[in-house]
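Q: The structure is given below, and queries will be raised subsequently.
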């Protein structure tokens, strides 16, 4: 097991700049998730670590060894692909043994390791089947098993759960987490699903357009997003945004919008001073909105009209309109409202987020 | 499938299908019936009272015996088998490697090289045999099996290359990438992973190449002259048509026996062959 250093790595394809200077230190035993929309460069970055794509400029090291010019076979890594990439003409056993046989392990050792891994993953009954005789979940386990038997320095995962149905995906996510707790192998995991990223990662790297937007532990990405993009990407349902004007009177400040006037929390009053009479993006997470109580001060309340109410059982997602802003609020499931009703919502002003309109950076 | 009333199935499916079958199989039937029909029936005038063109009451092996005793048919068969097998193997080896390179290795001009190879396939043999015969003469290969074993690949290699290119493209490249991460070099990944997965494609390319060289006529006619060097298609035509006399019985017997090996090859590999053409790689 080993750390991975990615130092100012760029990737150009002809005239397309796919990765624009990514730097990342991944510690030994760490599980790091690269997350972002398709085309953000996350998979390209992973493939450069694997050695499947050349590095245009920059440096990648596994442990202390710079691997820029090493072929994939010499990097001591294992990779799990989205489409499993199981060898269709080989049995499950041979699939898992292939990497060991290529490295000339003695037959007894191959047998022991494959059976161990099959035991961990619960596929020992299927060792003599062909991949096409397995279900999606079983194929995914075989692909994992093929990575585990090698006991490599680093695991690379390229959207390994995307081909599974929703229920199985949740189940495999938990298993992956358990597996990492057991093996502690350094892992880099690529996904476009922020829920997967948040639940699996020790640290999460949010990428966009070939650049890293923010690196951090899942909760810090959620509670302290570096910019509007990360704020909108992390969290489900997504954060609400509304453009508001900051207006100071004495040592108080309010964020004014055509639908509401909200008190700026005390901690931010001095920080927002330069934005007096200017617009900022106000970010409110749906779960920080609730139905107002009689004793809520006016400065945290907004009057909204309901457009759609989505009953989820554990909560209701209210799609509401407030001036020109469309907001989503997560409220208690017992609320009875119909489209067109007026609802007074209150928010937790300590959890408000403010973003610069020009740079979209968080104002803290 | 055609839905609905029984008459719709008859009109739109069964009757047209029967028509096609008769159209396609009748020449074979004619070949078979002529092979086993005695000369007395073959040359009976159509006005004769007992004229029966589609059936014989006195099947005979005379023509087959004539073919084996009076001509060197077994030698022709052996020649054809040897030439077709050798040129198929050569073309398959070249075609598999070229197809792999053109579909998987991203080198400059890969696309235009692929098109260039295809264009060589489009040059008609009826033109190409002229320069090729010069080459054959220069290397003193005339009237030897090698004149065909070395010229058939001129059209077989482009054919195999294109068929294999398409097949390799249909194999997910992750299979190979995974093998390379698992510790295989590019070469080993090809040998252990890509080629075994491509077996249906290789088989169909092989069957096609074999059939094309088995049935090839013009090069064989031009490059071979002595009877004991000839292949079945040329031998049968040149030895059993003398002037304007057609020895119909032995001719058809030769055609029938000459088509049997190809029919066996097809039926033996038919399942692989179909999946090769449809390019399905089940993961």
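Chains as they are written, first to last, in our numbering: chain A, 1 to 364; chain B, 1 to 283. Even glycine gets a Cβ: it sits at the ideal position worked out from N, Cα and C. In this text, all values refer to a predicted model and were calculated from it rather than measured experimentally.
Is the CB-CB distance between residue 91/A and residue 127/A below 8 Å?
A: Here the question's residue 91/A lines up with position 91 in the first chain. Here the question's residue 127/A lines up with position 127 in the first chain. Closer than 8 Å, so yes.
Q: Measure from the alpha carbon of residue 186/A to the alpha carbon of each residue in 211/A, 152/A, 160/A, then state which is nearest.
A: In the first chain, the residue the question calls residue 186/A occupies position 186. Residue 186/A has its Cα closest to that of 152/A, out of 211/A, 152/A, 160/A.
Q: Does the beta carbon of residue 376/A come closer than 8 Å to any beta carbon on chain B?
A: What the structure shows of chain A is the stretch from 1 to 364, and residue 376/A is not part of that stretch, so it cannot be assessed.
Q: Quick test of your reading: residue 48/A and residue 182/B, contact by CB under 8 Å. State the CB separation rounded to the nearest angstrom.
A: Mapped onto the first chain, residue 48/A falls at position 48. Mapped onto the second chain, residue 182/B falls at position 182. Going by Cβ atoms, the distance from residue 48/A to residue 182/B rounds to 18 Å, so no, they are not a contact pair.
Q: In angstroms, rounded to a whole number, what distance separates the CA positions of residue 149/B and residue 87/B?
A: Here the question's residue 149/B lines up with position 149 in the second chain. Here the question's residue 87/B lines up with position 87 in the second chain. In a straight line, the C-alpha of residue 149/B is about 5 Å away from that of residue 87/B.
Q: Kindly indicate the opening and closing residues of the alpha helix (DSSP H) around residue 63/B.
A: Within the second chain, numbered from 1, the residue matching residue 63/B stands at position 63. Start and end: 62–70.
Q: Report yes or no: is there a C-beta of chain B within less than 8 Å of the C-beta of residue 239/A?
A: As a position in the first chain, residue 239/A is number 239, starting the count at 1. With 8 Å as the cut-off, residue 239/A does not count as an interface residue toward chain B.
Q: Would residue 100/A and residue 150/A qualify as a contact pair, given that the criterion is a beta-carbon distance under 8 Å?
A: Start at 1 with the first residue of the first chain, and residue 100/A comes out as number 100. Start at 1 with the first residue of the first chain, and residue 150/A comes out as number 150. In contact: residue 100/A and residue 150/A (Cβ atoms closer than 8 Å).
Q: Does the distance from the CB of residue 190/A to the CB of residue 70/A come in under 8 Å?
A: In the first chain, counting from the first residue as 1, residue 190/A sits at position 190. In the first chain, counting from the first residue as 1, residue 70/A sits at position 70. No. Outside cutoff.
Q: Rounded to whole angstroms, how far is the Cβ of residue 140/A from the Cβ of residue 179/A, which I believe are closer than 8 Å?
A: As a first step, residue 140/A must be located in the first chain, where it is residue number 140. As a first step, residue 179/A must be located in the first chain, where it is residue number 179. With 8 Å as the limit, residue 140/A and residue 179/A do not qualify as a contact, their Cβ atoms being about 12 Å apart.
Q: When the distance is taken between beta carbons, is residue 77/A closer than 8 Å to residue 154/A?
A: By 1-based counting over the first chain, the position of residue 154/A is 154. By 1-based counting over the first chain, the position of residue 77/A is 77. Cβ distance < 8 Å, so residue 154/A and residue 77/A count as in contact.
Q: Within the same chain, show all residues whose beta-carbon is closer than 7 Å to that of residue 265/B, passing over the 5 residues directly before and after it, in chain order.
A: As a first step, residue 265/B must be located in the second chain, where it is residue number 265. Once the five neighbours on either side are set aside, the close Cβ partners of residue 265/B are 207, 210.
Q: Considering only the alpha carbon of each residue, which of 29/B, 26/B, 59/B lies closest to residue 41/B?
A: Within the second chain, numbered from 1, the residue matching residue 41/B stands at position 41. With distances taken between Cα atoms, residue 41/B lies closest to 59/B.
Q: Per DSSP, what are the beta-bridge partners of residue 354/A in this structure?
A: Residue 354/A sits at position 354 when you count from the first residue of the first chain. Answer is 282/A, bridged to residue 354/A.
Q: What does DSSP give as the partner residues of residue 216/A in its beta bridges?
A: Counting from 1 along the first chain, the entry for residue 216/A is found at position 216. Residue 216/A pairs with 204/A.
Q: Can you tell which of 214/A, 61/A, 142/A, 313/A has its C-alpha closest to the C-alpha of residue 381/A?
A: Nothing can be reported for residue 381/A: it is not among the residues displayed for chain A, which extend from 1 to 364.
Q: Just to confirm before moving on: does the CB-CB distance between residue 6/A and residue 24/A stay below 8 Å?
A: Along the first chain, one-based indexing puts residue 6/A at 6. Along the first chain, one-based indexing puts residue 24/A at 24. In this structure, residue 24/A lies closer than 8 Å to residue 6/A by Cβ.
Q: Consider the Cβ of residue 256/A: report whether some Cβ of chain B lies at a distance smaller than 8 Å.
A: For this step, residue 256/A is matched to residue 256 along the first chain. With 8 Å as the cut-off, residue 256/A does not count as an interface residue toward chain B.
Q: For a cutoff of 8 Å on Cβ pairs, would you count residue 282/B as touching chain A?
A: Counted from its first residue, the second chain places residue 282/B at position 282. Any answer about residue 282/B is weak, because its pLDDT of 44 lies below 50 and its placement is not dependable; what the coordinates show is given next. Yes, residue 282/B counts as interfacial toward chain A.
Q: Thinking just about the alpha-carbon of each residue, which of 294/A, 208/A, 223/A is nearest to the one in residue 20/A?
A: Position 20 of the first chain, counting from 1, holds the residue named residue 20/A. Minimum Cα distance to residue 20/A is reached at 208/A.
Q: Give a yes or no on whether 8 Å exceeds the smallest Cβ distance from residue 11/A to chain B.
A: One-based indexing of the first chain puts residue 11/A at position 11. With 8 Å as the cut-off, residue 11/A does not count as an interface residue toward chain B.
Q: Mark residue 227/A as exposed unless 16 or more other C-beta atoms lie within 10 angstroms of its C-beta, in which case mark it buried.
A: Position 227 of the first chain, counted from the start, is the residue given in the question as residue 227/A. Residue 227/A comes out buried.
Q: Using a beta-carbon distance below 8 Å, is residue 98/A in contact with chain B?
A: On the first chain, position 98 is the one that residue 98/A refers to. So, interface residue.
Q: Which partner residues of residue 47/A appear in the DSSP bridge assignment?
A: The residue you call residue 47/A lines up with position 47 of the first chain. In DSSP, residue 47/A forms no bridge with anything.
Q: Could you compute how far the alpha carbon of residue 279/A sits from the alpha carbon of residue 309/A?
A: On the first chain, residue 279/A is found 279 positions in, with the first residue counted as 1. On the first chain, residue 309/A is found 309 positions in, with the first residue counted as 1. About 30 Å.
Q: For chain B, is any of its Cβ atoms less than 8 Å away from the one on residue 207/A?
A: Here residue 207/A refers to the residue found at position 207 when the first chain is read from its first residue. Judged by the 8 Å Cβ criterion, residue 207/A is not in contact with chain B.
Q: What are the boundary residues of the beta strand (DSSP E) that includes residue 227/A?
A: Numbered from 1 along the first chain, position 227 holds the residue referred to as residue 227/A. No beta strand (DSSP E) holds residue 227/A; DSSP gives it neither H nor E.
Q: Strictly below 7 Å CB to CB, what residues from chain A border residue 206/B?
A: Translated into positions along the second chain, residue 206/B becomes position 206. Near residue 206/B there are no residues of chain A at all, since even the closest Cβ is about 18 Å away, more than 7 Å.
Q: Please compile the residues from chain A whose C-beta is within a distance smaller than 7 Å of the C-beta of residue 185/B.
A: As a working mapping, residue 185/B is identified with position 185 in the second chain. What residue 185/B touches in chain A: 73.
Q: Just to check my reading of the structure: residue 205/B and residue 127/B have Cβ atoms closer than 8 Å, yes? What is that Cβ distance to the nearest angstrom?
A: Position 205 of the second chain, counted from the first residue, corresponds to residue 205/B. Position 127 of the second chain, counted from the first residue, corresponds to residue 127/B. Not quite, the Cβ-Cβ distance comes to about 25 Å (not below 8 Å), so this is no contact.
Q: Who are the Cβ neighbours of residue 117/B in its own chain at under 6 Å, not counting the five residues just before and after it?
A: Looking up residue 117/B in the second chain gives position 117. Hits under 6 Å: 158, 161.
Q: With a cut-off of 8 Å, does the C-beta of residue 161/B fall near any C-beta of chain A?
A: By 1-based counting over the second chain, the position of residue 161/B is 161. It does not: the Cβ of residue 161/B has no partner Cβ on chain A nearer than 8 Å.
Q: Only counting the same chain, and skipping five residues up and downstream in sequence, which positions put a Cβ closer than 8 Å to that of residue 279/B?
A: Residue numbering aside, residue 279/B sits at position 279 when the second chain is read from its first letter. With a pLDDT of 44 at residue 279/B, under the threshold of 50, the modelled position of that residue is not reliable, and the figure given next carries that caveat. Once the five neighbours on either side are set aside, the close Cβ partners of residue 279/B are 166, 167, 170, 201.
Q: Examine chain A for any beta-carbon lying closer than 8 Å to the beta-carbon of residue 269/B, and answer yes or no.
A: Within the second chain, numbered from 1, the residue matching residue 269/B stands at position 269. No, because no Cβ of chain A sits closer than 8 Å to the Cβ of residue 269/B.
Q: Give the single residue among 82/A, 296/A, 349/A, 56/A whose Cα lies nearest to the Cα of residue 158/A.
A: The residue labelled residue 158/A in the question sits at position 158 within the first chain. Checked all of 82/A, 296/A, 349/A, 56/A; the closest Cα to residue 158/A is 82/A.
Q: Nearest-angstrom Cα distance between residue 29/B and residue 191/B?
A: One-based indexing of the second chain puts residue 29/B at position 29. One-based indexing of the second chain puts residue 191/B at position 191. If I take the Cα positions, the gap works out to 45 Å.
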